[in-house]
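Residue numbers (the numbering used here), protein chains in the order written: chain A, 8 to 305; chain B, 7 to 264; chain C, 1264 to 1581. In what follows, a structure is listed as structure tokens, so that the remarks can point back to it.
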């Protein structure tokens, strides 16, 4: 039972990080039908950007205010990078064959990943201890303050995003653009701004996710984006890619699944089990858990 | 062996709450040019999709030469001699016209999967035989000069011909045409009529959907009129023209179309 | 373009045939790598370029061939040459079995599932499943090539082994282009529904493409294992698959295009070694730029040839 509760807590923590990152994939996919392979590397980059802001800008301050500023500045920086990325690498390919945009995304991924390496070096860096190391022990189940913060803040952000998309006019425009870009354009929606907005939101959420990864795992490497990005992407697919609540559910499920595999089986097989789960789900439900079945019009 | 007859009995196809084809029965006899007409959204194309295996109807039977073909896949149905064209032309647009037509020879070719890896003399012969068949279709449809051009780059009217040539390359028993005159000008429509008659003269049964009423009345031997998925009339063109239900449902609404 | 087809290939073969004698040891090794990776990239082209299936796991089959050779040679003492049939067959059978349940998946889903297969494969190798894969270190100390009793230890022998494999691959691909299965792949890539409606069982041909691509990649794996007399898991990581995927699309799914892609990705960095750390950074930009300037690839695919007697009027080249 202890293992169960412990892994439940760990799983929810990892799951909320997956979910935050998965939202970036799913929103971009929803509107552009493009797997933004660079998103994982953006997440990795944000951990490094946060590190630099902490040491260079904030003078290594760890007060609550300083931490909030670090989060905001990192999110802002990454939002700008996201918009630039879209402008340079994706917008010119909007009418090209779909695979061209995929290759461009892979190229962008290489640029960002190796950009991190050139700036911050190839070796692992240690992320600062922005949150005090406080642990609570509930009869053998240890929960850290970092875990609580990650979970609560992720849930708040996801709820805010959900309300934004479902309840506001701009949110409605985002939904319209993901159903049919051309129709949305005809209805007077500026699809370019919507896409820019999506990159701003997705990159900011990814930045928060990246900082969480730094806080939680401490060690950050230039090439970790592929690892976390792939998991988040799987989460998005599990939930039904393009579907915002789906990404949240997918992320949580994947986090829990991973934690339980690590707890009960072995962490050396975690990747394999994750993919076997993914493959099985896709065989049963080819469009994910919340994905809609789209029939081709003949 | 039964006659080359296509018999639909009580075919019903639903999409969620919408009944696109409702209890439809019809019989296409060998050698006929059979038309299905009806207003937009009446379910005509869905009938074709049910016959050609793209959809499976929930109820009823689709019988071809005495065999139940409901539930077979599209390629199994092609194998039984039924080939179709599409309302929205679906060519292999980056490939040449000749290659497009060659796709119709796929099921007639006797090559196996290993011929994609290792050639044999038999394969070479088979390739040549089938390309000769393609040449026949190119000539029949007056497409020789476009043989090497990518299909997607050609004008609409020519693409329609390529699509028919591709279907004819299968050597079908029943040819199904989904609005073959859509988007054609008057001259092209006249040529199409001639082509359809020539195809019929080869002993091929033709089933078509058409919007152009003048053309339907001229070309078909027998007609079924459907509206909201239901058959509202059937008969020869002369009978249909006099049928009050048809005039109300279809001909009466023609003004809206124009 | 016509001239390239007519003279390009014989000239290329001639140059490649005498090349190793003009190179020192190090460059011979680079040349072998070029040949081996060209074969893998061409096998990826069958699945991705010709059939349009988003396969991002080709390194799996490459690795499976290499490990088949390594295990049979190292654990069971088979000569390298004797392992070739199984190094083709085992990946091909796996390709068919793995493709079976997934080929109906939509493009991006297929992509992530094939990445998944690749990652599971590497994890299996690292965890030393069955005690034969050697874990994270892999297997080393393979025998050298022996043909008709002659022990061919030199790198030049490996080079010609790789060269013969490449020629064989090119031959198979040209047969494929002029065959019913090859055209079926193009048809289903262009429009699956239209292909089904003209009588093509697309599922069978998709699986065929996976099996054929896997078999060729497996053969390349044998050459790879022979060259290094060793195999290890990281050589078949899914990042390798990503590179093969990109090479085919940047090159443009044509034989010159794919080989150019391999050259740029694996040979050019050897020329500019001092810029090694900048390698992928520059490639990333090059990939974006290539796609913006030439969305269909640097040397785009031309579809199957049609016989000359069909071309009339002459004014329209294919």
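We treat Cβ as the ideally placed atom computed from N, Cα and C, and that holds for glycine. Treat the numbers as computed from the prediction; the structure is a model and nothing was measured.
Excluding sequence positions up to five away, which residues of its chain have a Cβ less than 6 angstroms from the Cβ of residue i?
i	result
residue 19(A)	158
residue 1562(C)	1515, 1517, 1519, 1520
residue 176(B)	89, 110
residue 1334(C)	1395
residue 213(B)	34, 40, 182
residue 240(A)	32
residue 143(A)	150
residue 1527(C)	none
residue 9(B)	36
residue 162(A)	none
residue 98(B)	106
residue 74(A)	137
residue 80(A)	60
Spatial neighbours of residue i within its chain, please: CB distance less than 7 angstroms, with the 5 preceding and 5 following residues excluded, ordered by chain position.
i	result
residue 6(A)	The shown model of chain A, from 8 to 305, leaves out residue 6(A), and the question about it has no answer.
residue 139(B)	111, 175
residue 1579(C)	Unreliable positioning characterises residue 1579(C) in this predicted model, as indicated by a pLDDT of 45, which lies under 50. A coordinate reading is not provided.
residue 100(A)	107, 108, 111
residue 154(A)	16, 20
residue 1296(C)	1529
On the DSSP bridge list, what partners appear for residue i?
i	result
residue 67(B)	15(B)
residue 1440(C)	In DSSP, residue 1440(C) forms no bridge with anything.
residue 184(B)	215(B)
residue 237(B)	232(B)
residue 1414(C)	1409(C)
residue 133(A)	226(A)
residue 151(B)	None, per the DSSP bridge assignment.
residue 25(B)	20(B)
Go ahead and label residue i buried or exposed: buried means 16 or more other beta carbons lie within 10 angstroms of its beta carbon, across all protein chains shown.
i	result
residue 48(A)	buried
residue 16(B)	exposed
residue 250(B)	exposed
residue 1338(C)	exposed
residue 263(B)	Low local confidence applies: a pLDDT of 44 at residue 263(B) is under 50, so the model's placement there is unreliable, with the coordinate-based value given in what follows. Residue 263(B) comes out exposed.
residue 11(A)	exposed
residue 179(A)	exposed
residue 200(B)	exposed
residue 220(B)	exposed
residue 1464(C)	buried
residue 215(A)	buried
residue 191(B)	exposed
residue 187(A)	exposed
residue 1537(C)	exposed
residue 118(B)	exposed
residue 116(B)	exposed
residue 132(B)	buried
By Cβ distance, which residues of its chain are closer than 8 angstroms to residue i, with the 5 residues on each side in sequence left out?
i	result
residue 26(B)	19, 20, 49, 52, 235
residue 1489(C)	1332, 1343, 1405, 1407, 1408, 1421, 1424
residue 277(A)	265, 268, 269
residue 1523(C)	1514, 1561, 1562
Give me the Cβ distance between residue i and residue j, rounded to the nearest whole Å; I'm assuming they're in contact under 8 angstroms.
i	j	result
residue 143(B)	residue 171(B)	4 angstroms
residue 137(A)	residue 222(A)	6 angstroms
residue 66(B)	residue 79(B)	Actually they do not touch by this definition, with Cβ atoms about 18 angstroms apart.
residue 103(B)	residue 157(B)	5 angstroms
residue 203(A)	residue 191(A)	At roughly 14 angstroms, the Cβ-Cβ gap does not stay under 8 angstroms, so residue 203(A) and residue 191(A) are not in contact.
residue 1525(C)	residue 1301(C)	5 angstroms
residue 35(A)	residue 205(A)	6 angstroms
residue 1474(C)	residue 1325(C)	The pair is not a contact, with the Cβ atoms about 15 angstroms apart (cut-off 8 angstroms).
residue 1469(C)	residue 1304(C)	That pair is no contact at about 20 angstroms.
Cβ-based contacts, 8 angstroms cut-off: residues of the stretch 1365-1391 of chain C near chain A | Here the close residues are 1365, 1367, 1368, 1369, 1370, 1371, 1372, 1374, 1375, 1376, 1378, 1379, 1380, 1382, 1383, 1386, 1387, 1389, 1390.
Interface residues of the stretch 1405-1426 of chain C facing chain B [CB-CB below 9 angstroms] | Shown here is that no member of the stretch 1405-1426 of chain C has a Cβ falling below 9 angstroms from a Cβ of chain B.
With 7 angstroms as the C-beta to C-beta threshold (strictly closer), list the residues of the stretch 100-118 of chain B near chain C in chain order.
-> So the close ones are 100, 101, 102, 104, 105, 108, 109, 110, 112, 113, 115, 117.
Members of the stretch 63-75 of chain B near chain C, C-beta cut-off 7 angstroms = Hits within the stretch: zero.
Residues in the stretch 281-293 of chain A having any Cβ partner in chain C nearer than 9 angstroms = Residues are counted here when their Cβ sits less than 9 angstroms from a Cβ of chain C; for the stretch 281-293 of chain A these are 281, 282, 283, 285, 286, 289, 290, 293, given in chain order.
According to a CB-to-CB cut-off of less than 8 angstroms, which residues of the stretch 95-115 of chain A neighbour chain C?
-> From the stretch 95-115 of chain A, only 95, 96, 99, 100, 103, 104, 105, 106, 107, 108, 109, 110, 111, 113, 114, 115 have a Cβ closer than 8 angstroms to chain C.
Contact set between the stretch 45-63 of chain B and chain C, restricted to residues whose Cβ is under 9 angstroms from the partner | Flagged, chain order: 58, 59, 60.
Check distances from the C-beta atoms of the stretch 72-97 of chain B to those of chain C and list, in chain order, the residues that come in under 8 angstroms.
-> Listed by position, the residues of the stretch 72-97 of chain B near chain C (Cβ gap below 8 angstroms) are 79, 80, 81, 84, 85, 89, 90, 92, 96, 97.
Quick one: which residues of the stretch 1449-1465 of chain C get their C-beta closer than 9 angstroms to a C-beta of chain B? List them in chain order.
-> So the list reads 1449, 1450, 1452, 1453, 1454, 1456, 1457, 1458, 1459, 1460, 1461, 1462, 1463, 1464, 1465, given in the order they occur along the chain.
Chain B contacts from the stretch 1542-1554 of chain C (Cβ-Cβ distance under 9 angstroms) | For the stretch 1542-1554 of chain C, the set of positions with a beta-carbon nearer than 9 angstroms to some beta-carbon of chain B is empty.
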